[in-house]
Amino acid sequence: MREGLVIRTTGSWYRVLSAGTEPIDCRLRGNYRLRGSKQTNPVAVGDRVLFEMQADGTGLIHEVQDRRNYIVRRATKLSKQTHVIAANIDLLCIVATLGLPRTSTGFIDRLLVTAEAYHIPAAILFNKSDLLANDELRAMQHDLSHLYRSISYPVLEISALTGSGLDEVKQLIGGKTVLFSGHSGVGKSALLNALSPGLGLKVGSLSDWSLKGRHTTTFAEIFPLLTAHYPLPTYLIDTPGIKEFGMVDFNRQELSHFFPEMRAVLPECHFANCTHRHEPGCAVLQAVADGRISAERYHNYLSILEDVESPTN
Ligand SMILES: Nc1nc2c(ncn2[C@@H]2O[C@H](COP(=O)(O)OP(=O)(O)OP(=O)(O)O)[C@@H](O)[C@H]2O)c(=O)[nH]1
Ligand SMILES: [Mg+2]
Ligand SMILES: [Zn+2]
988 MREGLVIRTT GSWYRVLSAG TEPIDCRLRG NYRLRGSKQT NPVAVGDRVL
1038 FEMQADGTGL IHEVQDRRNY IVRRATKLSK QTHVIAANID LLCIVATLGL
1088 PRTSTGFIDR LLVTAEAYHI PAAILFNKSD LLANDELRAM QHDLSHLYRS
1138 ISYPVLEISA LTGSGLDEVK QLIGGKTVLF SGHSGVGKSA LLNALSPGLG
1188 LKVGSLSDWS LKGRHTTTFA EIFPLLTAHY PLPTYLIDTP GIKEFGMVDF
1238 NRQELSHFFP EMRAVLPECH FANCTHRHEP GCAVLQAVAD GRISAERYHN
1288 YLSILEDVES PTN
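Going by this note's numbering, the sequence shown opens with residue 988, and the numbers climb by one from there.
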């Protein structure tokens, strides 16, 4: 039996990177039990597997090793099926932009909350900084960067096109397995190409009729970053753009714990089961009123709380 890293999944085939050979295309043993019946994919990129070589040069996966962590979403807020985006991640880089297609803080916060819940460190990369033609957008990016840094998330203002900020990105990701996630068209693949010249990932063009991305990347894939700059291996995970991030398995009580700035004041709420909506003696409401907690983050908290309380959750 050999051990390997799943670097790509398409249909029922899994491409596995294993020491000393070219990547091997594998299938899953027929009677492999699905881990969670609600999950559409039993094996995700980043999984470590044990497989056996077959006579025809393909492999047969016998076992998926326990995951250190993973990140999972619903296709839409109402969808019942969940999808594991990737497993065994050291860092989630949320690729956002105030250029087009613009990323909302609601989207960023859903990803951040999920990363907190699954114990995955997260950072925000504001890409397409070269496109911020007017001062208003620049000020907005500056303010958002300040906001997220103030609650302990690394934020970089970058451009995959001009290369600005990419040295800082390299510092941030060196030696890690990094998942890049964000809307279609924000420049995830362009960023990976810029970080690893020669990767040659397909990059989309923006369809001007909708100003939305075109879903150029269609499946998640891991690329080892082979450069002398890093003492440890670095793995970059490109993923298809997502429209909305449907969160999985949260309950209303724990949600505020995944907002670091709320977590800090929670012990001061009068009621232990405070939802921070309207309860008297709520320390979160007080902090919002004082400007210690951002009104926008609080608004996103309320919106996520509504999702969490919906019947599908
Ligand atoms: N001006 C500018 N354009 C960029 C930048 N980064 C990416 N782009 C452009 O944005 C478009 C979309 O880039 P992609 O890399 O395909 O976006 P993606 O996030 O991988 O999109 P999906 O694969 O659909 O999820 C392309 O036309 C890129 O050339 C940037 O920093 N500045
Ligand atoms: Mg892409
Ligand atoms: Zn409260």
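All residues carry an ideal CB built from backbone N, CA and C; glycine is no exception.
Secondary structure of residue 1029 (DSSP, three-state): coil. Every residue whose Cβ sits closer than 5 Å to any heavy atom of ligand 3 is listed here in chain order: 1256, 1261, 1263, 1269 and 1271. Distances between the C-beta of residue 1188 and the heavy atoms of ligand 2 include at least one below 8 Å.
Counting along the chain, the unbroken beta strand (DSSP E) around residue 1211 starts and ends at 1208-1212.
Checking the 8 Å criterion, the Cβ of residue 1168 is out of range of every heavy atom belonging to ligand 2. When rounded, the separation of the alpha-carbon atoms in residue 1096 and residue 1284 is 7 Å. Judged by the Cβ position, residue 1165 fails to qualify as a neighbour of ligand 1 at the 8 Å threshold, every heavy atom of the ligand being at least this far.
About 7 Å separates the beta carbons of residue 1128 and residue 1116, which is inside the 8 Å limit, making them a contact pair. Sequence-distant Cβ neighbours of residue 1212 in its own chain, meaning closer than 6 Å and more than five residues away, are 1183, 1221 and 1223. Secondary structure at residue 1042: coil, using DSSP grouped into helix, strand and coil. In the three-state reduction of the DSSP assignment, residue 1093 falls in the helix class, which pools H, G and I. At a cut-off of 8 Å, the beta-carbon of residue 1203 counts as near ligand 1: some heavy atom of the ligand is closer than that. Residue 1275: not part of any beta strand (DSSP E); member of the alpha helix (DSSP H) spanning 1270-1277, first to last residue.
Distance from the C-beta of residue 1191 to the nearest heavy atom of ligand 2 is below 8 Å.
Counting every other CB atom within 10 Å of its CB across the protein chains shown gives residue 1201 a total below 16, marking it as exposed.
Ranked by Cα distance from residue 1253, the first of 1270, 1044, 1008 and 1203 is 1270.
When DSSP states are grouped into helix, strand and coil, residue 1225 belongs to the strand group. By the Cβ test, the region 1062-1076 is in contact with the region 1225-1238, since at least three Cβ pairs between them sit closer than 8 Å.
Distance between residue 1078 and residue 1057, taken at the CA atoms: about 11 Å.
Pairwise C-beta distances place the region 1155-1173 in contact with the region 1078-1093, as three or more of them are shorter than 8 Å.
Residue 1048 places its beta carbon less than 9 Å from that of residue 1001. In this structure, residue 1219 and residue 1291 do not form a Cβ contact; the two beta carbons are roughly 35 Å apart against a cut-off of 8 Å.
Distance from the C-beta of residue 1043 to the nearest heavy atom of ligand 2 is not below 8 Å. By DSSP's assignment, residue 1264 forms no beta bridge with any residue. For residue 1185, the Cβ stays outside the 8 Å cut-off from all heavy atoms of ligand 1.
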